[in-house]
Amino acid sequence: MKKRFSLFAAACLLASTVSLPAAKASQITSSDIKGSLVITGGSLGSSNAAVYQSFIKLAGGEKQAKIGIVPAASGKLKSSNDFKADLEKYGVRKENIEVLPLSNHDFSDTDFDESKWKDNVNKKEWADQIKNFTAIWFVGGDQLRITETLVDKKGKNSNVLDAIWNMYKKAVS
1 MKKRFSLFAA ACLLASTVSL PAAKASQITS SDIKGSLVIT GGSLGSSNAA VYQSFIKLAG
61 GEKQAKIGIV PAASGKLKSS NDFKADLEKY GVRKENIEVL PLSNHDFSDT DFDESKWKDN
121 VNKKEWADQI KNFTAIWFVG GDQLRITETL VDKKGKNSNV LDAIWNMYKK AVS
């Protein structure tokens, strides 16, 4: 089955907030992009079937979707776990959804220090894991935290961000 790719909210991040070198950004044209974006506003409710169904369809459908959830923007890990539960409610297989350990800050609702996850963005195993997904969802919150997690202080993309970009550009319908 051909892959489709969708992004939430961080589309704005990936398209404009992330510091990409001007030459690199200008080389990307609409014909280079094969993926899809699903951009929603804040406070997406689990009852908003249209958004969930559209996202799942673009991700390959209930049976084929393999979704990675990036919790970096949120202050609580609960929001990622809630989104995972919502995807299951809408028919995505539990084993096909993963909350990725990608964050540069500690969540207020856990005992673990998630700020240690910052190093995961340059680990080959996590960049390779992105290749297995048909969609990535960035939970809401402070979108600047996504930038701070996926891009270093000099504006260099992490391996995970490069993998997400590649997935987005190469996804086929």
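Position 3, counted from 1, in the sequence shown is what our numbering calls 3; the numbers after and before it change by one each time, with no gaps. Heads up, the beta-carbon is just placed ideally off N, CA and C, and yes, glycines get one too. This one's a predicted model, so the numbers in the text were calculated from it and none came from an experiment.
- C-alpha of Arg-93 to C-alpha of Ile-164: approximately 22 Å in a straight line.
- Cβ atoms of Leu-102 and Ala-72 come within 8 Å of each other, at about 5 Å.
- DSSP places Ala-72 in the coil class of the three-state scheme, outside both helix and strand.
- Relative to the Cα of Leu-44, the nearest Cα in the group Trp-137, Asn-166, Gly-61 and Val-151 belongs to Trp-137.
- Bridge partners of Ala-127 according to DSSP: none are assigned.
- Excluding sequence positions up to five before and after Ser-158, its CB lies within less than 6 Å of the CB of Val-121, Asn-122 and Leu-150, all in the same chain and listed in chain order.
- Residue pairing for Ile-136: DSSP places it in a beta bridge opposite Gly-68.
- Note on geometry: alpha-carbon atoms of Glu-98 and Gly-155 lie some 27 Å from one another.
- CA-CA distance, Ile-56 to His-105, rounds to 28 Å.
- Residue nearest to Gly-75 within the set Arg-145, Gly-41 and Lys-118 is Arg-145 (criterion: CA-CA distance).
- The alpha-carbon separation between Trp-126 and Phe-133 amounts to approximately 11 Å.
- For Asp-152 and Leu-37, the gap between their C-alpha atoms comes out near 24 Å.
- Here DSSP, grouped into helix, strand and coil, assigns Ile-146 to helix.
- Sequence-distant partners of Ser-79 (beyond 5 residues in either direction) whose C-beta falls short of 6 Å from its own C-beta, in its chain, are Val-139.
- In the same chain as Leu-161, and ignoring 5 residues on each side of it, the C-beta atoms closer than 6 Å to its own belong to Leu-150, in chain order.
- According to the DSSP secondary-structure assignment, Glu-98 is paired through a beta bridge with Gly-68.
- The C-alpha of Ala-50 is placed about 31 Å away from the C-alpha of Asp-128.
- For Lys-78, the uninterrupted alpha helix (DSSP H) segment begins and ends at 78–89.
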